[in-house]
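Quick note on our numbering: the sequence shown kicks off at 37 and runs consecutively. A virtual CB, placed ideally from N, CA and C, is assigned to each residue, including glycine. For reference, the structure is listed below as structure tokens.
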Amino acid sequence: IKTFDCLALAAQNTSGKIKKLIIQRRCPLADDVVIEIHYSGICHSDLHQLRGEWNQDVYYPMVPGHEIVGFVTEVGSAVKKFKVGDRVGVGCMVDSCRKCYQCTAGNEHYCLSGSVSTYNDCIKEADRVRIKNSEEGELLFGGYSTHITVTEAFVVRVPESIPLEVAAPLLCAGITTYSPLMHFGAIAQQIHHTSRLQVAIAGFGGLGHMAVKIAKKLGHHVTVLSTSSRKRQAALETGADAFVISTDEEQMKQAAKSFHLVIDTISADHPIPELLKKLLRAEGIWCLVGLPAGDIVLGAFDVVGNRRVFTGSPIGSIKETQEMLDFCGANRIFPDVELINAKDVNHKLHQLGSNSSDSRRYVIRVKDTLAPFKDNNSWQVEGEPEIDISNWKVHPSAVIHPASANVHVGVNYNPVKKVSQESRQQQQKQGINKLQLLAHLAITGVALYAFSQIRKSK
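Right, here's the structure in full:
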């Protein structure tokens, strides 16, 4: 198979630090589409996988990116759906077995053999390998690159009504929230005999702000749940009807057992069982779409007593992804984005990891700020001095390929902890108590010493 070189941004190990890398893409086979990438979104799952934080196989070098949009530059001889010049996108998967009952039913994302991820995946079956670029087979590389070659069955069309610079995040954040709002929303409407649901969106980041926009367009009453008031104004301006601080006891009392459906977009560990019991009404549905690294432990009585449902949702099928794009285009539902230069990727990944990116989705200007430097050896991605690998753990069950790419071996875990005002006051109180105890012991010691001296003098 013939190949061509393209410039990419890749991590070489679990430090997650991005550097430039020349990779090979295949020239189009009969059913392939070659895409010149113009924009590639940054997803929080990119960060998790770069760092090896999930329980999965992790392959390096890793070129992240599953929010990809651009233009078709070449097509294979059997391609019928696309032509050169078409505006297209690629999401979280690039293939499946296409034979199992899920695939034949149009649910490629539920493929019984496992759908093929856009990146951090490895094709090991010899008859399916097109480019052998590792000892184990063919590593797949994502959208932080100038081009990608994908079979036409896993390419979607981007409507002209969607500006290309805001289209990329729809391929992940858009479909990840659209799919459960349509699926579980329809179920909740039937259970509760109402078309206008009380919907809560837990978290207001890249996923959360898209969930708010889509849920509002579907006609629901939308509440954003967050741990602080920092994003209140942005949430309300986006269209949320209400904003509840989950750490505020009084606000939580007012929202108790009021929601038909909760779409949980939070990717950090958080107390789901506690929140579920407090917020879901009887026969309510809690749907997890964020992917926390830690385990979630639900007790039987958390769900049985009021027939509550705890469930999850991945992305969507190719058909549903196209429906989502058409829906967003027709209703002018676009993500809030910050366009960034390729050299700044490390800075923005660090901001994403520290939860300082607000609700914007970072989108890399690939064509304008990466592609021109393919043959420029002096061009480099800027480093980020604040990245400290002791701030996160590689998942204990993750399998790192190659093993030498796990730079966390022997590193002492030293997470950055945010101390609340209450905790700070408690620590100060404990400090005062310790000082009081030390003073008391000192006075007692002095008194005992004085008493002993008096007895000696007698």
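Where the alpha helix (DSSP H) containing D362 begins and where it ends:
354-367
CA nearest to the CA of V325, picked from G210, V130, G142, N382
G210
Should Y137 go down as buried or exposed, given a rule of 16 or more other Cβ atoms within 10 Å for buried?
Classification of Y137: exposed, given that the 10 Å Cβ count is below 16.
Assign V381 to one of three DSSP states: helix, strand, or coil.
helix
Going by DSSP, which residues form a beta bridge with Y398?
E374
If you measure between the beta carbons of Q225 and R317, is that distance less than 9 Å?
no
Thinking just about the alpha-carbon of each residue, which of K55, Q48, Y146, L206 is nearest to the one in V126?
L206
Using 8 Å as the threshold, is the region 305-319 in touch with the region 342-357, meaning 3 or more CB pairs across them?
yes
Using a Cβ-Cβ cut-off of 6 Å (strictly less than) and excluding sequence neighbours within five positions of E420, which residues of its own chain qualify?
N382, H383, H386
Among S426, E422, G88, which one has its Cα closest to the Cα of V447?
S426
Could you say which of L200, R164, K55 lies nearest to E103 if we only look at CA atoms?
L200
What did DSSP end up calling H437 once you bin it into helix, strand or coil?
strand
With C-beta atoms as the reference, is P216 less than 9 Å away from L361?
no
Within the region 143-228, ranges of the alpha helix (DSSP H) (whole runs, at least 4 residues)
200-203, 209-228
Rounded to a whole number of angstroms, what is the C-alpha to C-alpha distance between N169 and S264?
46 Å
Nearest to L45 (by Cα), restricted to the options I37, Q60, I281, D68
Q60
Whole-Å CB distance - V124 paired with V192, under 8 Å assumed:
7 Å
Near L65, which residues of its chain fall below 7 Å by C-beta distance, leaving aside the five closest residues on each side in sequence?
Closer than 7 Å at Cβ, skipping near neighbours: G112.
Nearest to S353 (by Cα), restricted to the options T140, Y96, G239, V298:
Per the Cα distances, T140.
For I436, count the other beta carbons within 10 Å of its own beta carbon; 16 or more makes it buried, fewer makes it exposed. Which is it?
By the 10 Å Cβ count, I436 comes out buried.
Is there at least one non-hydrogen atom of the ligand COA closer than 8 Å to the beta-carbon of G125?
Looking for the ligand COA in the displayed structure turns up nothing, as the structure carries no ligands at all.
Specify, as a first and last residue, the run of the alpha helix (DSSP H) that R268 falls within.
268-274
Entirely within the region 252-336 and at least 3 residues each: give me those beta strand (DSSP E) ranges in chain order.
257-262, 278-281, 295-300, 316-324
May I ask which residues mark the beginning and end of the beta strand (DSSP E) holding T347?
Counted as a single uninterrupted DSSP element, the beta strand (DSSP E) harbouring T347 occupies residues 345-348.
For V396, which residues from the same chain have a beta carbon less than 7 Å from its beta carbon, with the 5 sequence-adjacent residues on both sides left out?
It should be pointed out that residue 396 corresponds to Arg in this sequence rather than to Val. The residues are D372, V373, E374.
Bridge partners of M129, per DSSP?
Looking at the DSSP assignment, M129 forms a beta bridge with S153.
Could you have a look at K249 and say whether DSSP puts it in helix, strand or coil?
helix
S76 bridges to which residues according to DSSP?
I104, I400
Tell me which same chain residues have a C-beta within less than 8 Å of the C-beta of T182, skipping the five on either side of it?
C42, L43, A44, E72, I73, V402, K403, L406, A407, K410
Where C42 sits in the DSSP three-state scheme:
strand
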